[in-house]
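Asks: So that we are looking at the same thing, I have put the structure below in structure tokens.
Written as structure tokens, this is what we have:
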């Protein structure tokens, strides 16, 4: 029974923790402009994150060591540095976007400018990273993140033309007034949002924090293969809601306030309140995860003591990195840069950094010296290789598409 | 000697660089197609914000949105319309598009004014004005969408001298 609850809790937190500011913004934008015609990209992205999260989780469970720790040892300092630089830059950008996302969410209920809220949010994030227990942080924020299920309920209540939505999902097409290159830009952005590098680093480092062993591989797989796809359904529900409400108005979605309006239309103030709780929990949870991922990656690469399972004075350098990253993120946001714009950049650059993030994981998960009998099977390798190809295409196309379409204009 | 000659040779190169850089900073005139794309984008962005404000206002009237949420949506929309207006207003229109430039900037200014008026009414809790403002926003939004459609085509060639 205890095992059942552990699995159920893991799945629920995986669902609630799946959506972050990048998913919220990108899915809402895409839904309003393209309906559910890009649902297949979400499905593709979710399958991809499942493949690589399972690999990195398995590496952590079998070796007891996290990704960067092994990447540097297995592939050498040069490849390790390339891996670190690419994923760190994107993770830091995502960290900035998530803190901005929490502030924007709180602005919706307080109408106080998000700029005034940023220092308080950043302090709260740092405090959680410093003081809160890992499992408490992950479970509480993940469970509150489940509030985003309200988008599914709202979509149901809005009474859309389901056959039309399902047809959009099933067919690769675009609305007549959109260009294919804009369509391709958003496809890459959605793919990047689903496969953000921090997710695998956090997942594997979290496995080490929670002292997974080979016995936990089954639970880990349940979290990944049930939790993540159900989290992906939340992304589709967000896209579906904005498609139903903003699509007919021919209106784009550029702010978090707009994202919540379909819920208000369908479910009123109570639904809207639940959606805002979901926004805060999803962005705060992701802020903590990205902040920790910055600390994890640097500490693991440098060979420092790291993690929340050791006392802060034992992992002083790790905690110093967390504090400095939080200060840096606050400074960036206080320049008045638009957090939504930062989010848009972070998902596109995430696509650019993907090969450097995922290739080393595939190599390590294939190494019998580290993995023993748990080395990648044929299925994992086939999927991993196919995804590496897709990731390469997305990485090469991301910047040219961003320039050509002027960020999806 | 070589140093002095090198310095003399560097002057024309520096001059060319300065001219190139300052020339690049001078406002250029986009061609008709790219101006139309920019104008369409600005008008479309503004229409989206105007429709959002209308939707939020009507939802508030039905008791489905909190006051502070409405205020935040309005502030964001006001910023969005302002950004759209500034972006196209600061762009040099091609000669053939001068007339439509005036129409575009005029309608964007009008939309910005209307959103600002709505924000003032919302902050002052003048709830009795919400319905009338929502109707005006609906009209302004439709007018912007019509203008966006119109901007898909090059201007009709003028037969007069003007």
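Residue numbers (the working numbering), protein chains in the order written: chain A, 16 to 424; chain B, 4 to 165. Backbone N, C-alpha and C define an ideal beta-carbon position, used for all residues, glycine too. Values in this document were obtained by computation on a predicted structure and should not be read as measured data.
Less than 8 Å between C-beta atoms, sequence neighbours within five positions excluded: which residues of the same chain meet that for residue 27 of chain B?
Replies: Position 24 of the second chain, counted from the first residue, corresponds to residue 27 of chain B. Caution is warranted here: a pLDDT of 48 is assigned to residue 27 of chain B, below 50, making its placement in the model unreliable, and the coordinate value is therefore given only provisionally. Closer than 8 Å at the Cβ level, and outside the excluded window around residue 27 of chain B, lies no residue.
Asks: Using three-state DSSP, classify residue 100 of chain A as helix, strand or coil.
Replies: The sequence position of residue 100 of chain A within the first chain is 85, counting from 1. Helix at residue 100 of chain A.
Asks: Run through the segment 309-390 of chain A for me and flag every whole alpha helix (DSSP H) of 4 or more residues, listed as ranges in chain order.
Replies: Segments of the alpha helix (DSSP H) lying fully in the segment 309-390 of chain A: 331-349, 354-380, 383-386.
Asks: Along the chain, which unbroken stretches of the alpha helix (DSSP H) at least 4 residues long are found entirely within the segment 235-294 of chain A?
Replies: Within the segment 235-294 of chain A, the complete alpha helix (DSSP H) runs of at least 4 residues are 243-261.
Asks: Kindly list, in the order they appear in chain B, the residues whose Cβ is closer than 8 Å to that of residue 46 of chain A.
Replies: Counting from one through the first chain, the residue named residue 46 of chain A turns up at place 31. Those do not exist, as residue 46 of chain A stays about 13 Å from chain B at its closest Cβ, beyond 8 Å.
Asks: At a Cβ threshold of 9 Å, is residue 110 of chain B touching chain A?
Replies: Taking the first residue of the second chain as position 1, residue 110 of chain B is located at position 107. Answer no: the Cβ-Cβ gap between residue 110 of chain B and chain A never drops below 9 Å.
Asks: Of all Cβ atoms in chain A, is any one closer than 9 Å to the Cβ of residue 27 of chain B?
Replies: As a position in the second chain, residue 27 of chain B is number 24, starting the count at 1. Low local confidence applies: a pLDDT of 48 at residue 27 of chain B is under 50, so the model's placement there is unreliable, with the coordinate-based value given in what follows. Chain A, which has no Cβ nearer than 9 Å to the Cβ of residue 27 of chain B, makes this no.
Asks: With a threshold of 9 Å between beta carbons, is residue 261 of chain A in contact with chain B?
Replies: To locate residue 261 of chain A, count along the first chain from 1; it is residue 246. Yes, its Cβ sits closer than 9 Å to a Cβ of chain B.
Asks: CA-CA distance, residue 13 of chain A and residue 110 of chain A?
Replies: In this structure chain A extends from 16 to 424, so residue 13 of chain A is not present and cannot be described.
Asks: Determine, using beta-carbon pairs with one atom in the segment 246-264 of chain A and one in the segment 156-167 of chain A, whether at least three such pairs fall under 8 Å.
Replies: In short, these stretches touch, since the Cβ pair count reaches three.
Asks: For the putative contact between residue 206 of chain A and residue 409 of chain A, defined by C-beta atoms under 8 Å, what is the C-beta separation to the nearest angstrom?
Replies: Here residue 206 of chain A refers to the residue found at position 191 when the first chain is read from its first residue. Here residue 409 of chain A refers to the residue found at position 394 when the first chain is read from its first residue. The pair is a contact, with the Cβ atoms about 5 Å apart (cut-off 8 Å).
Asks: Tell me the DSSP secondary structure of residue 155 of chain B in three-state form.
Replies: By one-based count along the second chain, residue 155 of chain B stands at place 152. In the structure shown, residue 155 of chain B sits in coil (DSSP, three-state: anything other than H, G, I, E or B).
Asks: Return the residue from the list A:349, A:238, A:333 that minimises the CA-CA distance to residue 27 of chain A.
Replies: In the first chain, residue 27 of chain A corresponds to position 12, counting from 1. Among A:349, A:238, A:333, the Cα nearest to that of residue 27 of chain A is on A:238.
Asks: Can you name the start and end residues of the alpha helix (DSSP H) that residue 159 of chain A belongs to?
Replies: Numbered from 1 along the first chain, position 144 holds the residue referred to as residue 159 of chain A. From DSSP, the alpha helix (DSSP H) with residue 159 of chain A extends over 149-160.
Asks: If distances are taken between C-alpha atoms only, which option among A:295, A:348, A:310 comes closest to residue 35 of chain A?
Replies: Translated into positions along the first chain, residue 35 of chain A becomes position 20. Minimum Cα distance to residue 35 of chain A is reached at A:295.
Asks: Using three-state DSSP, classify residue 69 of chain B as helix, strand or coil.
Replies: As a working note, residue 69 of chain B is residue 66 in the second chain. Correct three-state label for residue 69 of chain B: coil.
Asks: With a threshold of 16 other CB atoms inside 10 Å of the CB of residue 370 of chain A, please say whether the residue is buried or exposed.
Replies: As a first step, residue 370 of chain A must be located in the first chain, where it is residue number 355. Buried, since its Cβ has 16 or more Cβ neighbours within 10 Å.
Asks: Is DSSP giving residue 177 of chain A helix, strand or coil here?
Replies: On the first chain, position 162 is the one that residue 177 of chain A refers to. If DSSP states are grouped into helix, strand and coil, residue 177 of chain A belongs with the helices.
Asks: With H, G and I counted as helix, E and B as strand and the rest as coil, what does DSSP make of residue 34 of chain B?
Replies: For the purposes of this step, residue 34 of chain B is taken as the residue at position 31 of the second chain. Note: residue 34 of chain B maps to coil in three-state DSSP.
Asks: Report the rounded CA-to-CA distance for residue 14 of chain A versus residue 257 of chain A, giving the unit in angstroms.
Replies: Only positions 16 to 424 of chain A appear in this structure, which leaves residue 14 of chain A out of reach.
Asks: Comparing C-alpha positions only, which one of B:158, B:111, B:125 sits nearest to residue 147 of chain B?
Replies: In the second chain, counting from the first residue as 1, residue 147 of chain B sits at position 144. The shortest Cα separation from residue 147 of chain B among B:158, B:111, B:125 belongs to B:111.
Asks: Does any residue of chain A bring its CB to less than 9 Å from the CB of residue 127 of chain B?
Replies: For this step, residue 127 of chain B is matched to residue 124 along the second chain. Judged by the 9 Å Cβ criterion, residue 127 of chain B is not in contact with chain A.
Asks: Quick check on residue 181 of chain A: buried or exposed, where buried means 16 or more other Cβ atoms within 10 Å of its Cβ?
Replies: Along the first chain, one-based indexing puts residue 181 of chain A at 166. Answer is exposed; the Cβ neighbour count stays below 16.
Asks: According to DSSP, is residue 29 of chain B helix, strand or coil?
Replies: If you number the second chain from 1, residue 29 of chain B lands on position 26. Unreliable positioning characterises residue 29 of chain B in this predicted model, as indicated by a pLDDT of 49, which lies under 50. The coordinate reading is nonetheless provided below. Looking at residue 29 of chain B - three-state DSSP - the assignment turns out to be coil, as it is neither helix nor strand.
Asks: What in chain A is Cβ-close to residue 76 of chain B, meaning under 9 Å?
Replies: Within the second chain, numbered from 1, the residue matching residue 76 of chain B stands at position 73. Per Cβ cutoff of 9 Å: 123, 270, 272, 273, 275, 276.
Asks: Spell out whether any CB of chain A is found under 9 Å from the CB atom of residue 50 of chain B.
Replies: Along the second chain, read from residue 1 onward, the residue named residue 50 of chain B stands at position 47. Taking Cβ atoms only, chain A reaches closer than 9 Å to residue 50 of chain B, which makes this a yes.
Asks: Using 9 Å as the limit for Cβ to Cβ distance, is residue 80 of chain B near chain A?
Replies: Numbered from 1 along the second chain, position 77 holds the residue referred to as residue 80 of chain B. Cβ-Cβ to chain A under 9 Å: yes for residue 80 of chain B.
Asks: Can at least three beta-carbon pairs, one atom from the segment 132-139 of chain A and one from the segment 318-327 of chain A, be found at a separation below 8 Å?
Replies: Segments in contact, no.
Asks: Which first and last residues belong to the alpha helix (DSSP H) in which residue 144 of chain A is found?
Replies: Along the first chain, one-based indexing puts residue 144 of chain A at 129. Start and end: 129-146.
Asks: For residue 284 of chain A and chain B, any beta-carbon pair shorter than 9 Å?
Replies: Here the question's residue 284 of chain A lines up with position 269 in the first chain. Yes, contact with chain B.
Asks: With a 10 Å radius around its C-beta and 16 neighbouring C-beta atoms as the bar for buried, classify residue 184 of chain B as buried or exposed.
Replies: Residue 184 of chain B lies beyond the range of chain B shown here (4 to 165); nothing can be said about it.
Asks: Spell out whether any CB of chain B is found under 9 Å from the CB atom of residue 64 of chain A.
Replies: By 1-based counting over the first chain, the position of residue 64 of chain A is 49. No, no contact with chain B.
Asks: Using a C-beta to C-beta distance shorter than 7 Å, which residues of chain A count as neighbours of residue 156 of chain B?
Replies: For the purposes of this step, residue 156 of chain B is identified with residue 153 of the second chain, where counting begins at 1. None at all; the shortest Cβ gap to chain A is about 14 Å.
Asks: For residue 87 of chain A, tell me which candidate among A:357, A:392, A:312, A:399 has the shortest Cα-Cα distance.
Replies: Counting from 1 along the first chain, the entry for residue 87 of chain A is found at position 72. It is A:312 whose Cα lies nearest to the Cα of residue 87 of chain A.
Asks: When you compare only the Cα positions, how much space is there between residue 147 of chain A and residue 51 of chain B?
Replies: As a working mapping, residue 147 of chain A is identified with position 132 in the first chain. As a working mapping, residue 51 of chain B is identified with position 48 in the second chain. If you take the alpha carbons of residue 147 of chain A and residue 51 of chain B, they lie about 42 Å apart.
Asks: Would residue 279 of chain A pass as an interface residue toward chain B - the criterion being a Cβ-Cβ separation below 9 Å?
Replies: Counting from 1 along the first chain, the entry for residue 279 of chain A is found at position 264. So yes, residue 279 of chain A belongs to the interface.
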